[in-house]
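Below is one structure, written out as structure tokens; comments come after it.
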Amino acid sequence: MSPFVSNGAGLLGTCGIFGLLLFILQLWKKKTRPSIKTKVILITGATSGVGKASAELFYMAGCRVILAARNLEHLKKIQQEFYSKKKGGIPAPPAILQLDLSNLASIPEKVTQAISFYGQIDVLINNAGQSYRGRVEDTSLDVDIRLMTVNYLGHVAITKAVLPYMIKEGGGHIIGVSSIQGKISIPYRSAYSASKHAFQAFFDCLRAEVCDKNITVSVLSPSYIKTNLSLNALKADGTQYNVMDKTTEQGMSPEYVAKKILDTVLYKQQDICLTPLHHKIAVFLRAVFPNLFFKLMASRALKQRSEYCKVE
110 MSPFVSNGAG
120 LLGTCGIFGL
130 LLFILQLWKK
140 KTRPSIKTKV
150 ILITGATSGV
160 GKASAELFYM
170 AGCRVILAAR
180 NLEHLKKIQQ
190 EFYSKKKGGI
200 PAPPAILQLD
210 LSNLASIPEK
220 VTQAISFYGQ
230 IDVLINNAGQ
240 SYRGRVEDTS
250 LDVDIRLMTV
260 NYLGHVAITK
270 AVLPYMIKEG
280 GGHIIGVSSI
290 QGKISIPYRS
300 AYSASKHAFQ
310 AFFDCLRAEV
320 CDKNITVSVL
330 SPSYIKTNLS
340 LNALKADGTQ
350 YNVMDKTTEQ
360 GMSPEYVAKK
370 ILDTVLYKQQ
380 DICLTPLHHK
390 IAVFLRAVFP
400 NLFFKLMASR
410 ALKQRSEYCK
420 VE
């Protein structure tokens, strides 16, 4: 027998065994999949993008979902949209909570209201946020404050308000939907990346502090997602960006990210970097070869300068 035929048969056999093992693993995961039915899920930013996709996925899985966002009319519309699609065993529409994360003083009362719907919160998904495009020297401090408030302090406030209830009830799950820019920074995203770095650090600290409280803390760091995030981003002067970036247009679907959030709840994953390989390599370079990473970012900044900077 030709050695090429023999080697080819061996390779096919190895691939077949590997494929069979993957198939068995998938069957095992389905069989051992924990139940989340009737769990109470509070989701911020639930009227669009990843928040809406996640809310629908959890609701259709039989969870008791609390939709939280600023716009009450949008909340009511989505509430009815979800309920019209309901399957058997889902007796009621999701609850709605008008919530403005920039109004920090109102958040404790809003959490009390959220708990009153079902008497508990099993899972808190911190998802709402806003992006930004601009150069540091052009950017109004008001923009930095706005981004830090919505992307960081608002989530800190709602987490701190929910945490005592979870401790009292003996456990829970807190999820932060961050960004790959919480791990690395790229030019012309300073306010956004700074808020996401703070976000990552806060939940990393919290995870360690509640390790003996039966509370899981997870951070999901996706790269580009096809949502309105870039359209709604702020520019350096505080006005709306109103541009769909090419990278955003080609990003992951919100539904795909929502499934990863569901997996995070089911399997209690703690830190998920939901990115293509080259973004993972960038995170590695920043940690291990920082000078090389800095040179790459400097080159990127020079190439993009005309796109984001005022005429000089």
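Just so you know, we're using our numbering here: the sequence shown kicks off at 110 and counts up by one.
Just so you know, even glycine gets a beta-carbon here, dropped at the ideal spot from N, CA and C.
Just so it is clear, the structure is predicted and the values come from calculations on it, not from any experiment.
> What is the C-beta distance between S304 and N260, in whole angstroms, given that I count them as a contact (C-beta under 8 Å)?
Replying inline: Along the sequence shown, read from residue 1 onward, the residue named residue 304 stands at position 195. Along the sequence shown, read from residue 1 onward, the residue named residue 260 stands at position 151. Contact holds; Cβ gap of about 4 Å.
> How would you write the range of the alpha helix (DSSP H) that Q207 sits in, first residue to last?
Replying inline: Numbered from its first residue, the sequence shown carries residue 207 at position 98. That residue, Q207, is in no alpha helix (DSSP H); its beta strand (DSSP E) goes 204–207.
>> My assumption, with CB atoms under 8 Å, is that I216 sits in contact with I267. Please give the rounded CB distance.
In response: Locating residue 216 in the sequence shown gives position 107, where the first residue counts as 1. Locating residue 267 in the sequence shown gives position 158, where the first residue counts as 1. Between I267 and I216 the Cβ distance is about 5 Å, and since that is below 8 Å, they are a contact.
> Whose C-alpha, out of L213, V159, N212, A164, is nearest the C-alpha of Q189?
Replying inline: Your numbering for residue 189 matches position 80 in the sequence shown. It is A164 whose Cα lies nearest to the Cα of Q189.
> How long is the line joining the alpha carbons of V265 and K195, rounded to whole angstroms?
Replying inline: To locate residue 265, count along the sequence shown from 1; it is residue 156. To locate residue 195, count along the sequence shown from 1; it is residue 86. Rounded to whole angstroms, V265 to K195 spans 33 Å at the Cα level.
> How would you write the range of the alpha helix (DSSP H) that V252 sits in, first residue to last?
Replying inline: Indexing the sequence shown from 1 puts residue 252 at position 143. According to the DSSP assignment, V252 belongs to the alpha helix (DSSP H) that extends over 250–257.
> According to DSSP, which residues form a beta bridge with G291?
Replying inline: Residue numbering aside, residue 291 sits at position 182 when the sequence shown is read from its first letter. The partner list for G291 (beta bridge, DSSP) is empty, contrary to what the question assumes.
>> With DSSP as the reference, identify every bridge partner of M406, one or two as the case may be.
In response: The sequence position of residue 406 within the sequence shown is 297, counting from 1. Answer is none; M406 lacks a bridge partner.
> Going along the chain, which residues of its own chain have a beta-carbon closer than 6 Å to the beta-carbon of A168, five neighbours each way excluded?
Replying inline: Taking the first residue of the sequence shown as position 1, residue 168 is located at position 59. It should be noted that the sequence gives Tyr, not Ala, for residue 168. The residues are V174, F191, P203.
> When the Cα of Y376 is compared with those of Y301, Y365, T325, A237, which residue comes out closest?
Replying inline: Position 267 of the sequence shown, counted from the start, is the residue given in the question as residue 376. Cα-wise, what sits closest to Y376 is T325.
>> Under 8 Å, with one C-beta from each stretch per pair, do the stretch 143–160 and the stretch 226–242 reach the 3-pair mark?
In response: Flag = yes, the stretch 143–160 and the stretch 226–242 touch.
> Nearest CA to the CA of G158: which residue from L213, Y350, A178?
Replying inline: Sequence index remark: in the sequence shown, residue 158 carries index 49 (1-based). Of all alpha-carbon atoms in L213, Y350, A178, the one lying nearest the alpha-carbon of G158 is that of A178.
> Does the beta-carbon of K219 have 16 or more other beta-carbons within 10 angstroms, so that it is buried, or is it exposed?
Replying inline: Within the sequence shown, residue 219 is the residue found at index 110, counting from 1. Counting every other CB atom within 10 Å of its CB across the protein chains shown gives K219 a total of 16 or more, marking it as buried.
> In the structure shown, what three-state DSSP assignment does N351 receive?
Replying inline: Counted from its first residue, the sequence shown places residue 351 at position 242. DSSP places N351 outside both helix and strand once states are collapsed to three, so it counts as coil.
>> Mapping the DSSP letters down to three states, classify C382 as helix, strand or coil.
In response: Numbered from its first residue, the sequence shown carries residue 382 at position 273. Three-state result, C382: strand.
> Beta-carbon separation of Q290 and R298 under 7 Å?
Replying inline: The residue labelled residue 290 in the question sits at position 181 within the sequence shown. The residue labelled residue 298 in the question sits at position 189 within the sequence shown. Result yes, Cβ atoms of Q290 and R298 sit closer than 7 Å.
> CA-CA distance, V366 and A391?
Replying inline: Along the sequence shown, read from residue 1 onward, the residue named residue 366 stands at position 257. Along the sequence shown, read from residue 1 onward, the residue named residue 391 stands at position 282. Those two C-alpha atoms are separated by around 21 Å.
> Buried or exposed: which applies to T221, given that a residue is buried once 16 or more other Cβ atoms fall within 10 Å of its Cβ?
Replying inline: Counting from 1 along the sequence shown, the entry for residue 221 is found at position 112. By the 10 Å Cβ count, T221 comes out exposed.
>> Can you list, in chain order, the residues of its chain with a C-beta nearer than 8 Å to that of P385? Leave out the 5 residues immediately preceding and following it.
In response: Stepping through the sequence shown from its first residue, residue 385 is reached at position 276. Sequence-distant Cβ neighbours of P385 in its own chain, meaning closer than 8 Å and more than five residues away, are S332.
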